[in-house]
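Colleague: I'd like to ask some things about the structure below.
Numbering (the numbering used here), first residue to last: 159 to 394.
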């Protein structure tokens with residue numbers, strides 16, 4: 159439970175009890191394995207909110223509110239990482255902390271619009287499954303990159319509190335849990351989405367490994383890309 163509490167407190171603003179006050183590297187590594195379950199928790203919160211608001215607001219208004227709550231719940235770490243990711247790869251310099259270039263801002267706006275349109279297209283059971291599967295895959299992708307072999311490009315602000323494990327084992331376990339959860343939630347469609355998310359994550363990692371530019375938060379950026387992509391595929 160300590161590992162789950164550590165993962166929840168790292169990925170969200172929830173004051174989850176039980177996290178160690180001074181976590182060690184081993185505690186952090188175990189927390190990575192729980193990232194998909196934190197995604198499941200985030201999805202459950204969004205579903206509960208969506209259900210509570212269904213009688214008072216249209217699907218479009220609810221979609222905007224859900225996206226806003228998601229940003230507040232996760233402190234916008236993934237969106238900030240996405241901005242740094244694009245700005246750093248698009249320029250020759252490392253992006254200064256707290257800054258966002260024009261390309262980064264445009265991509266954030268485009269990502270939020272894509273999420274809004276995709277969520278607005280989803281109704282009923284399919285909407286609920288999408289709200290569960292997308293954060294699960296996004297947090298599993300983040301765990302995989304954090305646990306990947308040491309690379310300057312893969313270490314960023316969002317993953318800075320985590321001491322990288324000595325092997326990528328924890329990242330593979332997190333991916334395995336995400337595959338199982340997606341299969342249980344969406345059967346073979348969920349499994350297909352998990353495979354697509356894995357391919358996207360692997361492709362981004364290859365891009366980072368081949369680049370000589372420093373990216374502040376590659377895990378956070380990958381998480382946001384996977385989450386948005388999954389919602390768009392659900393609405394297709």
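Cβ atoms here follow ideal geometry from the backbone N, Cα and C, with glycine treated the same way.
1) Does the contact criterion of 3 or more C-beta pairs under 8 Å hold for the stretch 199 to 214 versus the stretch 236 to 243?
2) Beta-carbon within less than 6 Å of residue 255's beta-carbon, same chain only, minus the 5 sequence neighbours each way: which residues are those?
3) If you draw a straight line from the C-alpha of residue 295 to the C-alpha of residue 196, how long is it?
4) Rounded to whole angstroms, what is the Cα-Cα separation between residue 186 and residue 300?
5) Spatial neighbours of residue 340 within its chain, please: C-beta separation below 8 Å, excluding the five flanking residues on both sides.
6) Alpha carbons only, please: which of 359, 165, 379 is nearest the one belonging to residue 262?
7) Given a cut-off of 8 Å, decide if residue 392 and residue 298 are closer than it, judged by their beta-carbon atoms.
8) Only counting the same chain, and skipping five residues up and downstream in sequence, which positions put a Cβ closer than 6 Å to that of residue 381?
9) Less than 6 Å between C-beta atoms, sequence neighbours within five positions excluded: which residues of the same chain meet that for residue 289?
10) So residue 190 and residue 305 are supposed to be a Cβ contact under 8 Å. How far apart are they, rounded?
11) Can you name, in chain order, every residue of its own chain whose Cβ lies under 6 Å from the Cβ of residue 251, other than the five neighbours on each side?
12) May I ask you to check if the CB of residue 306 is nearer than 7 Å to at least one heavy atom of the ligand PLP?
13) For residue 257, does the three-state DSSP call read helix, strand or coil?
14) If we require 4 or more residues per run, which alpha helix (DSSP H) segments fall completely within the stretch 200 to 252?
15) Using the Cβ count rule (16 or more neighbours within 10 Å means buried), how would you classify residue 345?
16) Can you tell me which of 280, 368, 331 puts its alpha carbon nearest to the alpha carbon of residue 398?
17) Identify which residue in 327, 302, 342, 367 has its Cα closest to the Cα of residue 356.
18) In terms of residues, what are the limits of the alpha helix (DSSP H) holding residue 335?
19) Along the chain, where does the alpha helix (DSSP H) containing residue 293 start, and where does it finish?
20) By DSSP, does residue 315 sit in helix, in strand, or in coil?
21) Would you report the Cα separation of residue 394 and residue 227, rounded to the nearest angstrom?
Modeller: Reading from the atomic positions:
1) The answer is no - the stretch 236 to 243 does not touch the stretch 199 to 214, with fewer than three Cβ pairs under 8 Å.
2) By 1-based counting over the chain shown, the position of residue 255 is 97. Because residue 255 carries a pLDDT of 46, less than 50, the predicted location of this residue cannot be relied on, and no value is offered for it.
3) The sequence position of residue 295 within the chain shown is 137, counting from 1. The sequence position of residue 196 within the chain shown is 38, counting from 1. Those two C-alpha atoms are separated by around 11 Å.
4) By one-based count along the chain shown, residue 186 stands at place 28. By one-based count along the chain shown, residue 300 stands at place 142. If you take the alpha carbons of residue 186 and residue 300, they lie about 14 Å apart.
5) Within the chain shown, numbered from 1, the residue matching residue 340 stands at position 182. Shown here for residue 340: same chain residues with a beta carbon closer than 8 Å to its own, the five before and five after excluded, namely 291, 294, 295, 348, 349, 351, 352 in chain order.
6) Your numbering for residue 262 matches position 104 in the chain shown. Looking only at 359, 165, 379, the smallest Cα-Cα distance to residue 262 is reached by 379.
7) Residue 298 sits at position 140 when you count from the first residue of the chain shown. Residue 392 sits at position 234 when you count from the first residue of the chain shown. Against a cut-off of 8 Å, the Cβ pair of residue 392 and residue 298 comes out as no contact.
8) In the chain shown, the residue the question calls residue 381 occupies position 223. The beta carbon of residue 381 lies closer than 6 Å to those of 236, 296, 299, 300 in the same chain, with the five residues before and after it left out.
9) Your numbering for residue 289 matches position 131 in the chain shown. Residues 201, 204, 205 of the same chain have their beta carbon placed closer than 6 Å to that of residue 289, with the five preceding and five following residues left out of the count.
10) Looking up residue 190 in the chain shown gives position 32. Looking up residue 305 in the chain shown gives position 147. Approximately 6 Å separates the beta-carbon atoms of residue 190 and residue 305; this is inside 8 Å, confirming the contact.
11) Residue 251 sits at position 93 when you count from the first residue of the chain shown. For residue 251, the predicted model reports a pLDDT of 49, less than 50, meaning its position is unreliable and no value from the coordinates is stated.
12) As for the ligand PLP, it is missing from this structure, which has no ligand bound.
13) Along the chain shown, read from residue 1 onward, the residue named residue 257 stands at position 99. Since pLDDT at residue 257 reaches only 47, below the 50 mark, its modelled position is unreliable, and no value is offered.
14) Every unbroken stretch of the alpha helix (DSSP H) spanning 4 or more residues and falling wholly within the stretch 200 to 252 is given here in chain order: 217 to 232, 235 to 248.
15) As a first step, residue 345 must be located in the chain shown, where it is residue number 187. Looking at its Cβ environment, which holds fewer than 16 other Cβ atoms inside 10 Å, residue 345 is exposed.
16) Residue 398 falls outside the range modelled here, since the chain spans only 159 to 394, and no answer is possible.
17) Stepping through the chain shown from its first residue, residue 356 is reached at position 198. Taking each of 327, 302, 342, 367 in turn and checking the Cα distance to residue 356, the smallest one comes out for 302.
18) Counted from its first residue, the chain shown places residue 335 at position 177. Counting along the chain, the unbroken alpha helix (DSSP H) around residue 335 starts and ends at 327 to 368.
19) Position 135 of the chain shown holds residue 293. Per DSSP, residue 293 belongs to the alpha helix (DSSP H) from 282 to 304.
20) Indexing the chain shown from 1 puts residue 315 at position 157. In this prediction, residue 315 scores a pLDDT of 41, lower than 50, which makes its location untrustworthy; no coordinate-derived value is stated.
21) The sequence position of residue 394 within the chain shown is 236, counting from 1. The sequence position of residue 227 within the chain shown is 69, counting from 1. Straight-line Cα distance between these residues: approximately 24 Å.
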